[in-house]
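The letter at position 34 of the sequence shown is residue 157 when you use this note's numbering, and the numbering goes up by one with no holes.
All residues carry an ideal CB built from backbone N, CA and C; glycine is no exception.
Since the model is a prediction, treat every value here as computed from it, not as a measurement.
One structure below.
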Amino acid sequence: MKKLVLLVLAVVGAWFAKKKFDEGRAEQALWAEATDNVNRS
124 MKKLVLLVLA VVGAWFAKKK FDEGRAEQAL WAEATDNVNR S
């Protein structure tokens with residue numbers, strides 16, 4: 124039973140870490156787009 128609980132906690136932890144990582148990458152991409160150099164003709 125303990126192994127099952129630890130497995131569930133590990134899966135939830137990995138899911139939460141991936142979610143935070145993806146949010147960070149999305150925000151970083153947004154900032155990169157907002158501060159990108161603009162080439163004017």
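**OP:** Look up D159 in the DSSP assignment and say whether it is helix, strand or coil.
**Re:** coil
Original post:
Taking the alpha-carbon positions, what's the L129 to G136 distance?
Top reply: If I take the Cα positions, the gap works out to 10 angstroms.
Original post:
Roughly how many angstroms lie between the CA atoms of D159 and E150, to the nearest whole one?
Top reply: 14 angstroms
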